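Each residue of the sequence shown is one higher than the one before, counting from 21 in my numbering.
Just so it is clear, CB atoms sit at the ideal spot from N, CA and C, and this is done for glycine as well.
A quick note: this is a predicted structure, and the numbers were derived from the prediction, not measured.
Written below as structure tokens is the structure these notes are about.
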Amino acid sequence: TIMQTPNNIEIYLKHIEDICGGEGEFFNISENDHLPVTIVSYADIPQQGSTTSFSFGLSSIVHPEWVNSRPELVLSVDSADTAWPLAMGELIRNGRERDLFSYGTILHFGQPVSDESPMSSFLVFACTVLDESDISVELNDRKVHLSQIYPIHESEASIIREVGPEKFIQDLGAEVFNVKRAARVGSN
């Protein structure tokens with residue numbers, strides 16, 4: 021028998037299935053595009069009542085700035101509402117040609133993502149929900165680096181610009197996963 025080389029999505033899916041322990045729920049955001057976007061979502065990962073979702077399709081875009089690796093996104097929230105992973109997919113579909121999705125970027129969804137929360141934006145930053153060894157994966161033609169997006173209140177964008185994304189994430193601690201948290205006010 022002839023062994024076929026796994027394609028990029030198969031390599032990527034094996035990587036995230038190994039992390040999450042099985043197959044997730046698939047959402048095809050733009051399957052008819054020349055570069056489709058798919059979200060794979062895992063219920064109760066990393067804990068009961070939370071959802072962790074992974075994008076695939078962002079790294080198919082070529083940006084000259086992406087030299088050593090290309091991003092895919094991870095979203096982890098204390099919520100079972102599929103509006104969160106679907107919003108991540110829409111942000112990629114609508115922004116992938118112009119946004120670099122680099123650390124510190126604030127992505128504006130333009131309206132509350134879910135009925136359970138007034139949050140309408142996301143901060144792109146380092147992945148805190150995965151082990152360091154799990155945030156990169158070698159595909160056939162590129163290296164993918166997983167960046168995490170954190171739901172934020174629109175009003176928190178100015179605080180993030182003031183204190184920086186790292187301090188903002190550190191100060192929130194475990195609250196970064198709580199989509200029902202109150203908006204932070206001020207930079208202290």
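How far does the alpha helix (DSSP H) with residue i in it reach, from first residue to last?
| i | result |
| --- | --- |
| R113 | 103-115 |
Please look up how many angstroms separate the CB atoms of residue i and residue j, rounded, as I've assumed it's under 8 Å.
| i | j | result |
| --- | --- | --- |
| R90 | R162 | 5 Å |
| G44 | S61 | 5 Å |
| P105 | F47 | 6 Å |
| M108 | S75 | 6 Å |
| C199 | E136 | Residue 199 is actually Val in this sequence, not Cys. Rounded, the Cβ-Cβ distance is 6 Å, consistent with contact. |
| R113 | V57 | 5 Å |
| F145 | G124 | 7 Å |
| I59 | I49 | 6 Å |
| T71 | A100 | 6 Å |
| S122 | E174 | 20 Å between Cβ atoms; not a contact. |
Can you tell which of the options has the C-alpha that lies nearest to the C-alpha of residue i?
| i | options | result |
| --- | --- | --- |
| P185 | I126, E92, L166, N114 | I126 |
| S178 | V149, L143, I155, I49 | L143 |
| L55 | V82, G69, H165 | V82 |
| V149 | L93, R116, L78, G77 | L93 |
| V196 | F121, Y170, E176 | Y170 |
| V87 | V164, A100, D101, S70 | V164 |
| D151 | S140, S167, N160, S141 | S167 |
| V97 | G69, P84, D119, D154 | G69 |
| D38 | V183, S153, E182 | S153 |
| T102 | D64, N27, G130 | D64 |
| N28 | L78, I49, T72 | L78 |
| I187 | L159, I31, Q131, G206 | Rather than Ile, the amino acid found at residue 187 in this sequence is Lys. Nearest C-alpha to K187: G206. |
| G130 | E110, T25, A194 | E110 |
| M139 | R201, I180, L33 | R201 |
Determine the DSSP secondary structure at residue i, reduced to helix, strand or coil.
| i | result |
| --- | --- |
| T49 | Before going on, a small fix: residue 49 reads as Ile here, not Thr. Three-state DSSP puts I49 in coil, outside helix and strand. |
| E43 | coil |
| L93 | strand |
Please go through the segment 107-194 and give each complete beta strand (DSSP E) segment of 3 or more residues, from N-terminal end onward.
Runs found: 126-128, 141-145, 156-158, 163-172.
Could you tell me which whole beta strand (DSSP E) segments of length 3 or greater appear in the segment 61-89?
Entirely contained in the segment 61-89, the beta strand (DSSP E) runs reaching 3 residues are, in chain order, 71-76.
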